[in-house]
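In the working numbering, each residue's number is its place in the sequence shown (first place is 1) plus 43. Beta carbons: idealized from backbone N, C-alpha and C, even for Gly. I have placed the structure first, in the form of C-alpha cells, so that the comments after it can refer back to it.
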Amino acid sequence: MTDDPDVRMAQSIVDYIFRRVALDFLPFETRSALGIHSAEERQRHLDTGSYEPLDDRETRAHRPRASSSALRLMTQEARVDAPLCLTCGTTMRPTGSCYVCEGCGSTSGCS
C-alpha cells in the first residue's frame, strides 16, 4: 500500500518505481494494455464505464488508426522471443522462418 493516489498497490519498491515511470512516460494505449491507470482514469471508469478520455473517444471515432503504430507493435512482439546473435549478442530480427542480426549481419543458419 502506498500514499500515491495513482499507484495504490505495489508488490515491491521496484514495482512501484516502474508503475510510476509508466504513468509518467508511457502513452495511454500502452498503459491500458498493461492495466496501469491513473487515479483520474480509474474514477472515469467508475463514472462512464471506460478508462479512455471522453474527447479521445470522440475524435478516434472519426479518424482512421495509424497503421505504423500497429506495425511497430507487431515488430516489438516478434522480437520478444527472438534469439540473441551468437557473434555480437544483439537481439536478432525475424526474416521469414529465420533470424538476421541487425548489428553484424549474421544469420541464424538458414540463409
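- In the DSSP annotation of this structure, Y59 is not part of any beta strand (DSSP E); the continuous alpha helix (DSSP H) holding it starts and ends at 56–68.
- In the three-state scheme derived from DSSP, where H, G and I count as helix and E and B as strand, T150 is classed as strand.
- If you draw a straight line from the Cα of I79 to the Cα of Q86, it is about 13 Å long.
- Going by C-alpha positions, S140 is about 11 Å away from G152.
- Cα atoms of D124 and P137: separation of roughly 10 Å, rounded to the nearest angstrom.
- When DSSP states are grouped into helix, strand and coil, R51 belongs to the coil group.
- The C-beta distance from T133 to G146 rounds to 4 Å, short enough to meet the 8 Å contact threshold.
- For T91, the enclosing alpha helix (DSSP H) stretches over residues 82–91.
- Rounded to the nearest angstrom, the gap between the Cα atoms of E84 and L77 is 14 Å.
- Judged by DSSP in its simplified three-state form, L77 adopts helix.
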